[in-house]
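Let me begin by presenting the structure, written as structure tokens, before commenting on it.
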Amino acid sequence: MADREKKGLVARWLEGKERSEDYARSTLPTSRWALFWDILKGRFGKLVLINLLMVVTFLPLVAVIVWRALVMGTQEIIGPYGSGLGVGYPVLPNVVGVAQMSVFQMDLLFFALFLPAGAIAALGISGGGYIIRNLIWTEGIFVANDFVRGIRRNYWNVFEAVVFFTVVLFLARTMGNLADWLVAVGSPSAGWLIASKVIGYVFVAFALLISFWMISLGISYKQGPWALFRNSVVMTVGTFPQTIIFTALATWPFFLTIFGGTLLMVIGMLILLFFGISYALLVWLDYSQWAFDRFVNPNMGIASGRGLYNKDKAKSAPAQPQPMEESAAMREYRRQIVSHGKSKLVSRPIKPIDDDLEVYQLPDSFSREDLQKLRESKEAIEEDTKAFEEEHKDDERYVEYNRQFEEMQRALETEDAGKKKKKSPRPPKMLNKR
Numbered sequence: 003m004a005d006r007e008k009k010g011l012v013a014r015w016l017e018g019k020e021r022s023e024d025y026a027r028s029t030l031p032t033s034r035w036a037l038f039w040d041i042l043k044g045r046f047g048k049l050v051l052i053n054l055l056m057v058v059t060f061l062p063l064v065a066v067i068v069w070r071a072l073v074m075g076t077q078e079i080i081g082p083y084g085s086g087l088g089v090g091y092p093v094l095p096n097v098v099g100v101a102q103m104s105v106f107q108m109d110l111l112f113f114a115l116f117l118p119a120g121a122i123a124a125l126g127i128s129g130g131g132y133i134i135r136n137l138i139w140t141e142g143i144f145v146a147n148d149f150v151r152g153i154r155r156n157y158w159n160v161f162e163a164v165v166f167f168t169v170v171l172f173l174a175r176t177m178g179n180l181a182d183w184l185v186a187v188g189s190p191s192a193g194w195l196i197a198s199k200v201i202g203y204v205f206v207a208f209a210l211l212i213s214f215w216m217i218s219l220g221i222s223y224k225q226g227p228w229a230l231f232r233n234s235v236v237m238t239v240g241t242f243p244q245t246i247i248f249t250a251l252a253t254w255p256f257f258l259t260i261f262g263g264t265l266l267m268v269i270g271m272l273i274l275l276f277f278g279i280s281y282a283l284l285v286w287l288d289y290s291q292w293a294f295d296r297f298v299n300p301n302m303g304i305a306s307g308r309g310l311y312n313k314d315k316a317k318s319a320p321a322q323p324q325p326m327e328e329s330a331a332m333r334e335y336r337r338q339i340v341s342h343g344k345s346k347l348v349s350r351p352i353k354p355i356d357d358d359l360e361v362y363q364l365p366d367s368f369s370r371e372d373l374q375k376l377r378e379s380k381e382a383i384e385e386d387t388k389a390f391e392e393e394h395k396d397d398e399r400y401v402e403y404n405r406q407f408e409e410m411q412r413a414l415e416t417e418d419a420g421k422k423k424k425k426s427p428r429p430p431k432m433l434n435k436r
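Each residue of the sequence shown is one higher than the last, beginning at 3 in my numbering.
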């Protein structure tokens with residue numbers, strides 16, 4: 003290859019790096035970090051639009067949270083907690099534990115309402131998560147159509163994750179409120195009650211990690227309810243340190259809104275309104291794809307690094323992909339090629355019609371001598387064609403075609419023989435990719 007022409011500084015300024023031969027490949031993301039920033043910068047408008055669609059489905063959940071906050075605030079003002087001081091009416095002789103019991107009773111309602119509100123929010127998570135997964139896989143998207151398609155394909159898996167988390171949250175909150183009431187009324191073993199409350203919130207945190215994995219696995223693979231939960235527990239335990247880190251990176255806008263002060267709460271709400279939910283799904287699903295490429299896809303025979311540019315593979319790409327890496331449609335296409343046999347137009351040389359050899363044309367009235375001339379002209383053309391074929395049969399294009407066809411035929415025969423000798427083991431349920 004000739005050396006690349008060296009250009010001056012002014013010429014490079016005028017042309018820009020977009021004209022460089024290596025520009026397109028050098029700017030493609032080669033890691034999950036690079037892919038995250040590439041989507042964040044290049045598809046920010048799409049992420050905002052996806053976030054707004056998901057916010058609509060989160061409105062019932064937000065309404066329940068706001069309703070609970072208003073009721074709790076009102077109850078603190080008008081509740082009979084200042085009896086005997088001229089604040090509460092009617093006068094109660096003993097107000098010990100009344101506040102804790104009131105919270106316990108109200109939370110039974112509000113945390114139970116989280117289940118139907120979460121079921122509606124699951125619509126947005128399933129649709130938005132499907133679009134963001136396609137962005138990570140660098141596939142073309144149509145926001146409205148893909149949002150509806152994602153709901154149809156992924157809703158029940160996402161709904162299972164939401165139900166699991168809300169049930170654990172309801173039980174933990176109920177047991178925590180009950181422990182607060184028992185401690186307030188002077189029940190013995192207060193230390194054990196407080197410990198049970200702490201353990202409940204630890205279970206909530208663990209359930210949050212499992213729910214995140216249920217969402218990413220449910221969007222990426224086809225699997226049943228029990229397999230989805232089991233595989234999510236396995237991924238949570240197997241990648242526990244990384245899962246904690248990336249869960250924190252994904253959910254900080256939510257915690258900023260819940261636990262921040264007035265100013266931070268407003269900032270967090272604005273982030274969640276325009277970008278926060280899409281950001282959380284982008285961070286988590288991007289990390290999940292890294293984990294799948296490392297721990298899941300190689301064991302399933304699925305090509306890893308989807309959505310990334312592999313420099314090493316591009317430099318040393320095999321001329322013929324391995325059967326493991328080929329899709330079912332490609333294998334069926336190759337099988338059809340083998341079943342039809344070698345192409346007679348490609349597998350051997352065919353002499354072009356570029357000389358003066360012609361078939362003798364019989365006149366209207368012909369004799370035996372004319373028939374002899376016709377036979378001789380045909381024999382001359384046939385001998386010339388055979389000579390041309392013998393002369394060019396070792397040309398590279400014919401040798402290469404025949405070699406590839408024979409390799410393809412042997413590979414399919416070996417595959418068929420292997421299927422007959424040994425039945426392939428049944429793959430785990432999570433191996434069926436969407």
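For each residue, glycine too, the CB sits at the ideal point set by N, CA and C.
Range of the contiguous alpha helix (DSSP H) that encloses residue i
i: Y362; result: Premise fails: Y362 is in no alpha helix (DSSP H) and is neither H nor E.
i: A389; result: 370-394
i: L117; result: 100-138
i: E162; result: 145-186
i: F285; result: The residue you asked about is not Phe; residue 285 is Val in the sequence shown. Taken as a continuous stretch (DSSP letters only), the alpha helix (DSSP H) holding V285 covers 279-293.
i: T249; result: 242-261
i: L310; result: L310 -> no alpha helix (DSSP H), and no H or E assigned at all.
i: G142; result: It is not in any alpha helix (DSSP H) - G142 carries neither H nor E in the DSSP assignment.
i: I41; result: 34-44
i: P443; result: Summary: the structure shown does not reach residue 443, with the chain confined to residues 3 through 436, and so no result is reported for it.
i: L265; result: 264-273
Proximity below 7 Å, CB of residue i to CB of residue j
i: W437; j: A250; result: What the structure shows of the chain is the stretch from 3 to 436, and residue 437 is not part of that stretch, so it cannot be assessed.
i: E391; j: P351; result: yes
i: I273; j: P255; result: yes
i: I133; j: T59; result: no
i: F167; j: S213; result: yes
i: F205; j: V164; result: no
i: Q102; j: W39; result: no
i: I153; j: L125; result: yes
i: V187; j: G131; result: no
i: S290; j: S218; result: yes
i: G220; j: L230; result: yes
i: I383; j: L359; result: yes
i: L211; j: T264; result: no
i: A119; j: V66; result: yes
i: D396; j: R34; result: no
i: Y362; j: L373; result: no
i: E162; j: P227; result: yes
Supposed contact pair residue j and residue i - C-beta distance, whole angstroms, cut 8 Å
i: N156; j: S189; result: Their Cβ separation, rounded to whole angstroms, is 45 Å, which puts N156 and S189 out of contact at 8 Å.
i: G278; j: L37; result: About 20 Å; that fails the 8 Å criterion.
i: G270; j: L258; result: 4 Å
i: Y311; j: P31; result: 7 Å
i: V64; j: F276; result: That pair is no contact at about 15 Å.
i: V145; j: I52; result: 6 Å
i: Y203; j: A181; result: In fact, because the Cβ distance is near 11 Å, the residues do not count as touching under 8 Å.
i: F294; j: S234; result: Their Cβ separation, rounded to whole angstroms, is 13 Å, which puts F294 and S234 out of contact at 8 Å.
i: N179; j: F297; result: At roughly 39 Å, the Cβ-Cβ gap does not stay under 8 Å, so N179 and F297 are not in contact.
Heavy atom of the ligand NAP within 6 Å of residue i beta-carbon
i: V165; result: Absent from the structure shown: the ligand NAP. Ligands present: none.
Original post:
With contact counted as at least three CB pairs below 8 Å, one residue from each stretch, are the region 107-115 and the region 66-74 in contact?
Top reply: yes
Subject >> Stretch-stretch touch, CB-based, cutoff 8 Å, three pairs: the region 134-151 with the region 190-199 >> reply: no
Original post:
Touch check for the region 36-56 and the region 140-155: three-plus C-beta pairs under 8 Å?
Top reply: yes
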